[in-house]
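S.K.:
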Amino acid sequence: MSNENTSAIVSKVWSFCNPLRDIGVGYGDYLEQLTYLLFLKMADEFSKPPYSRKLPIPTEHNWESLTSKRGDELEQHYSKTLNVLSKQKGVLGQIFVQCQNQIKEPAMLYKIIDMINKEQWATLGADIKGTIYEGLLEKNAEDTKSGAGQYFTPRALIRAMVECVQPEPMKTIADPACGTGGFFLAVYDFIAKQKLDKTQKHFLKHETFFGNEIVPNTRRMCLMNLFLHNIGDFDSENFISPADALISDSGLRVDYVIANPPFGRKSSMTATNEEGEQETDELTYNRQDFWETSSNKQLNFVQHIRTMLRSTGQAAVVLPDNVLFEGGAGETVRKKLMETTDLHTILRLPTGIFYRQGVKANVLFFDN
């Protein structure tokens, strides 16, 4: 399919945004509903010849059950379908976790279902499906009101970081704050361009990637993004954990960590003491493997990433200036990083490329 056709599908899929916003459905909500519907449509296609796969979607809540209904009946059935699918196991349950119907206007819901129904998504190449979904994620990230930009690292920066690291086949990659999965896709594309045998292809699809994303909607989009890019499968093990990566050392050791962890400090808890005064307690992580206890997120991520690396591991991490210049805990972490790893390159980034203007950031490349 040509670029024109791909962009035509993106435009078509995105054309519903303005009318939806008029009825109170934002970009993020729309993208979320698209994720549910696209997944059901592709599952339907894979359940038919030539694929004929048995998939864990109850017949009464499959794609055809949606296309055969109109009006209030459709809206009620769709809401019930989401509820049923949210209780399923595997990637299916993870895609639909905590899902709710945000499109209460039955006529609009029918139009979106009809649009998706007119395309054969399974026969579209992974690069095309991926481009369409990535295009939607990028548009969503540009919508400043949604705040989605914080989960979307500019793709040009991601590709540059991956090309510097040059990941190899049959090696593992982690991102402890993976957002919508941009680093995984760039690594996948980089490795897939090489000549791979059957074992290497299977490893790339099923055993290469490990991530954490604590925001349910962002995690859902990440799973769908990977799935559309041919990473994982309907019934594969879920490799994007909902757990906060910083809470403990999971024991996972990988060959590469490529990440853009969230900037800022760990959120605070406000409690009332015995005298009735409010006290703010900054949450910290007490971990034996950390050099320094801190409420600073990026200092904790640096320490966690160093723990995750195998003895021959490599890391590329986006970090703000305070990690390079701050005293106290920042100084301790910086010294330990210099002593225990080969911090060989610091790439200075232009200001303002992230959602927060004026944040000065760098990419640190270090090897264990």
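Here the sequence shown stands for residues 3 to 370, where the numbers follow our numbering. Note that beta-carbon positions come from the ideal geometry of N, C-alpha and C, so glycine has one too.
If you follow the alpha helix (DSSP H) that S81 is in, where does it begin and where does it stop?
M.R.: Unbroken alpha helix (DSSP H) run through S81: G73 to L87.
S.K.: Identify every run of the alpha helix (DSSP H) within the stretch 150-232, keeping only runs that are complete inside it and at least 4 residues long; order them along the chain.
M.R.: You should have 157-167, 184-194, 200-208 and 218-230.
S.K.: What three-state label does DSSP hand G30 in the structure shown?
M.R.: If DSSP states are grouped into helix, strand and coil, G30 belongs with the helices.
S.K.: With H, G and I counted as helix, E and B as strand and the rest as coil, what does DSSP make of S243?
M.R.: Looking at S243 - three-state DSSP - the assignment turns out to be strand.
S.K.: Going along the chain, which residues of its own chain have a beta-carbon closer than 7 Å to the beta-carbon of V167, five neighbours each way excluded?
M.R.: Closer than 7 Å at the Cβ level, and outside the excluded window around V167, lie Y258, I260, Q316 and A318.
S.K.: For R308, count neighbouring Cβ atoms within 10 angstroms of its own Cβ and tell me buried if that reaches 16, exposed if not.
M.R.: Buried, by the Cβ-count rule.
S.K.: Are H79 and K89 close, meaning C-beta to C-beta below 7 Å?
M.R.: Not in contact: H79 and K89 (Cβ atoms no closer than 7 Å).
S.K.: Have a look at P60, T314 and F41 and flag the residue whose alpha-carbon is nearest the alpha-carbon of F368.
M.R.: Looking at the Cα atoms, T314 is the closest of the given residues.
S.K.: Judging by CA-CA distance, which residue of L366, D291, F229 and V99 is the nearest neighbour of T182?
M.R.: Checking every option, the nearest Cα to that of T182 belongs to F229.
S.K.: Looking only at DSSP bridge pairs, what is D369 linked to?
M.R.: Paired residue(s): Q316 and D344.
S.K.: Does the beta-carbon of N288 have 16 or more other beta-carbons within 10 angstroms, so that it is buried, or is it exposed?
M.R.: Label assigned to N288: exposed.
S.K.: Can you name the start and end residues of the beta strand (DSSP E) that D257 belongs to?
M.R.: V256 to A261 is the span of the beta strand (DSSP E), which, as asked, contains D257.
S.K.: Just the Cα atoms here: how many angstroms apart are T353 and A162?
M.R.: Cα-Cα distance, rounded: 17 Å.
S.K.: My understanding is that I134 touches V304, with C-beta atoms under 8 Å, so please give their C-beta distance in whole angstroms.
M.R.: No, I134 and V304 are not in contact; Cβ-Cβ is about 35 Å, not under 8 Å.
S.K.: Roughly how many angstroms lie between the CA atoms of Y61 and Q35, to the nearest whole one?
M.R.: At residue 61 the sequence reads Thr, which differs from the Tyr that was named. Approximately 20 Å between the Cα atoms of the pair.
S.K.: Which one or two residues does DSSP pair with L321 in a beta bridge?
M.R.: Answer is N364.
S.K.: Taking the alpha carbon of R222 as the point to measure from, which residue in E75, T295, C180 and G329 has its own alpha carbon closest?
M.R.: It is C180 whose Cα lies nearest to the Cα of R222.
S.K.: Give me the Cα-Cα distance between K338 and L301, rounded to the nearest whole angstrom.
M.R.: If I take the Cα positions, the gap works out to 12 Å.
S.K.: Can you find at least 3 beta carbon pairs, one from the stretch 90-107 and one from the stretch 191-201, that sit closer than 8 Å?
M.R.: Judged by Cβ distances under 8 Å, the stretch 90-107 makes no contact with the stretch 191-201, as fewer than three pairs qualify.
S.K.: Report, in whole angstroms, the separation of the C-beta atoms of N364 and L321, which I expect to be a contact under 8 Å.
M.R.: Yes, N364 and L321 are in contact; Cβ-Cβ is about 6 Å, under 8 Å.
S.K.: Considering just the uninterrupted stretch of the alpha helix (DSSP H) at V99, what are its terminal residues?
M.R.: From DSSP, V99 is part of no alpha helix (DSSP H); its letter is neither H nor E.
S.K.: How close, in whole Å, do the beta carbons of N219 and A247 come, if the pair is a contact with beta carbons under 8 Å?
M.R.: That belief does not hold up - the Cβ atoms of N219 and A247 are roughly 18 Å apart, past 8 Å.
S.K.: Please report the residue range of the alpha helix (DSSP H) in which E2 lies.
M.R.: This structure gives no information on residue 2, because the portion of the chain shown stretches from 3 to 370.
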